[in-house]
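Here the working numbering = 1-based position in the sequence shown + 1. We treat Cβ as the ideally placed atom computed from N, Cα and C, and that holds for glycine. Since the model is a prediction, treat every value here as computed from it, not as a measurement. Quick notes on the structure that follows.
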Amino acid sequence: MDHFSGAQAAVRMLDLYGVRHVFGLCGDTSLPFYDALCTMEHRITHVLTRDERSAAYMADGYARVSGKPGVCEGPSGGGATYLLPGLVEANESCSPVLGITSDVPVLSRGRFPLTELDQEALYRPITQWNTVCHRAEQVPQAIRSAFRHMTTGRPGATHIGLPYDVLKQPVDPAQIWAQPGHDVCPAWRSGADPTLVERAAETILAARRPILVCGGGVITSGATDELLQVATLLNAPVCTTVSGKGSIAETHPLSVGVVGSNGGVLATRSVMEQADLVVFIACRAGSTTTEHWTRPAPDVRIVHIDVDPLVVSANYRTEHALIGDAKLVLGALLQALTRHLGERAPTDFDGAAVAARARATKFDAFRRLAEANARPIRPERVLAELHRILPPDAIVVADPGTPCPYVSCYYPLREAGRHFLTNRAHGALGYAMSAALGAWFARPHSKCVAIMGDGSFGFSVGELETVVRCKAPLLMLVFSNATYGWIKASQRASYGQRYFSVDFSRTDHALIASGYGVKSWRVEDPDELATVLRAAAEHGGPTLVDIVAQSLEEAAAPVLQWMG
C-alpha cells in the first residue's frame, strides 16, 4: 500500500504491539476503525460488548492477568463517557489499559455536531497520558506514546481520541513501527541506588520485629520469588494489601494474608501492631491497608520500595526509599542482606510462628461459621465450599461489595501470582463479570470465576449475552440478599441502624441467566451448595449459581470498622 488511512494505521500499530484482543462497542464515529478491522489482515480479535464500561473492565482484567496492555474502544459522546469508570480504575490500580475513542470530525468542532465533547480534557485527570489526534499523521506516534506510558515506570491507563475525519486521512507507511519491548509490562525496568540498598539492608537487619507488606506491584513485576527469598532469609511475616493478594502463596508458613480495614481481622491487625520496622513493597500504604495510617503506627521505622517516587513518604516518614522495579530492588536487597546477615541483631521474634498464630485464629473463627447450616446461607460457607472445588490456578474476580472482604480474607491462594482480581481503587459495582471474561481471554486454560452481589449483578447483567456468545466457561456466583449490603452494614455500624434506601426487590437471577442461555442454579439450602458448585464448575460452558445469602449487615464480615 502506498498509504494507510488513519484507521488502518491504528489497526496495524496495535497488531505490531502484539494486541490480540480489543474489547469495545460500535458507534457512528467508529465506522472507519471498524471497517479497517474488518478488511485488513491482522491478528486481533474484536470482542463486541454490550456496554463500554464492561469493555474497559474486560481490558483491565485481561491486562492484570496477561501482563500485556489491555485495549478497549468506544464511540464519541456517551461512549467516551462510559469508558471512564474502567479507565480510572485501571489507572489507579496500575493496570496498563489503552482506551481508544472515536470523535466528531475536526472540521465540525464548535458547530454543535452531535456527540461533541472535549475528550482530552475529560480524560486528562484519570489517565497516565492522553491525547486527541488532530491529523492522521499523528496516529502512529500517539500509539507509541500510549504504549510507552503504559508499560514503563508506574503502569496505568492511557487514552487516544481519533476524530472521524482523522480516521479517513492518509498516513505514510514509513511512520508505522512499534518500539520493541513495550508490548509487555513492566518494560525498561530500573533499579534502586546500590548505596541506599546497602543502608536499607543494615537497617532491616537491625530491626527486632520486621514485617513485610506487599502490594499489587509485587505481582505485576513478577517479584514473587525474590519476595519469598527475602522473607525466608529474615523469617519475616508477609502481609498483603487486597491488590497484593498472591504476592506469596497464602498457604506458606510466613503468610499472614490480607491486612487492613477490608479483608483484615483482629488477628491480622495484631501482627501489624507487633512490628518495629515495616517494609512496604510496591504498595501505596493507603487508607485501607493501614487502617487510616494507624497500623503501622507513625513512629514505626519504614523502608519503602516502589517504582513511583511520589508514592514513597506520602503517608509515612520513610527512613529508606528504594525507588525502582520491585523485582530488581528485591533482588539487590536480597544480595545485600545476605552479605550483612552476620551483623543481624539478636531477636526472639519468630515470624513463622507469628504468622501461624494469626492464620489459626482467623480460620478457627471462619470454620465455625462456614460449617453452620444456617439459612440464609452464610458467605463463609460459600467460600469454604468454593475453595474445596476450585483448582489452585483458578482466577477469582470479586466485586467490591459483599464478595471482596470475604474472598480477600478467607480464600487462601495456594499459588503465588495473579489469581485474584478486584477493583479496589474506586470500588465501582459491576466489575467482576466483565473482568473475569477479560481474564479468561488472557488465560483460557484457567478456571475463571466471577463473584458478585446482586447489586453488582444488576450493573452487568447485559454482558451475560457476551459471555454466552464468546463461549466462555465462566463460573458466576451471585450473593443474593436484596440489598446494597456494604452501605446497609455501614448504616448499622455508624448510623444507629437507620436503614434508608438500600433495599430492593429479590430477583431470581438464575432464571434471568437461563434466559441468556447460561446453565443456572438457585440455592437456598446450604446442604445443596457443594453439589451445585461442583456441577457448575465442571460444566463445559458458562454457569451461574444464585445463592440466597445472609445479608452483610447481619454477617460477621471481615471489615474491621464493623468489628469494633
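One thing to note: L228 has its Cβ within 8 Å of the Cβ of V219. Under the Cβ criterion (8 Å, minimum of three pairs), the segment 545 to 553 counts as touching the segment 473 to 481.
About 5 Å separates the Cβ atoms of Q551 and P377, confirming a contact at the 8 Å cut-off. When the alpha-carbon of S447 is set against those of A361, G541, Y58, the nearest one is in G541. Taking the C-beta atoms as reference points, T102 is found nearer than 8 Å to E74. Note that the segment 225 to 241 touches the segment 251 to 264; at least 3 beta-carbon pairs, one per stretch, sit closer than 8 Å. Between H510 and F458 the beta-carbon gap is near 6 Å, inside 8 Å, which marks them as a contact. For G428, there is no enclosing alpha helix (DSSP H), as DSSP marks it with neither H nor E. Taking a 10 Å sphere around the C-beta of W178, we find fewer than 16 other C-beta atoms and assign the residue as exposed. Collapsing the DSSP output to three states places G192 in coil.
Here A64 is not near G87, since their CB atoms are 8 Å or more apart. For the pair P70 and G343, the Cα-to-Cα distance works out to about 43 Å. Of the residues assessed, K472 falls on the exposed side of the cut-off, its CB having fewer than 16 other CB atoms within 10 angstroms.
If you draw a straight line from the Cα of Y432 to the Cα of D173, it comes to about 40 Å. A Cβ-Cβ distance of about 5 Å is found for the pair A359 and V272, placing them in contact under the 8 Å criterion. Take S521, set aside five residues on each side of it, and the residues of its chain with a beta-carbon closer than 6 Å to its own are A511, A514, S515, L545, in chain order. Distance between G428 and C405, taken at the CA atoms: about 10 Å. Nearest to R285 by C-alpha distance, out of L267, N263, P392, P310, is P310. Non-local C-beta neighbours of E292 in its own chain, meaning closer than 8 Å and more than five positions away in sequence, comprise G261, S262, G265, R270, L561, ordered along the chain. When DSSP states are grouped into helix, strand and coil, T152 belongs to the helix group.
Residue nearest to A353 within the set K328, T128, I212 is I212 (criterion: CA-CA distance). With contact defined as three or more Cβ pairs closer than 8 Å, the segment 324 to 336 and the segment 187 to 199 are in contact. If you keep only unbroken beta strand (DSSP E) runs of at least 3 residues inside the segment 239 to 277, you get 239 to 241, 256 to 259. By the Cβ-count criterion, H135 is exposed, with fewer than 16 other Cβ atoms from all chains shown falling within 10 Å of its own Cβ. Counting C-beta pairs closer than 8 Å gives three or more between the segment 44 to 53 and the segment 22 to 34, which meets the contact rule.
Judged by beta-carbon spacing, S244 lies beyond the 8 Å limit of G223, meaning their Cβ atoms are not closer than that value.
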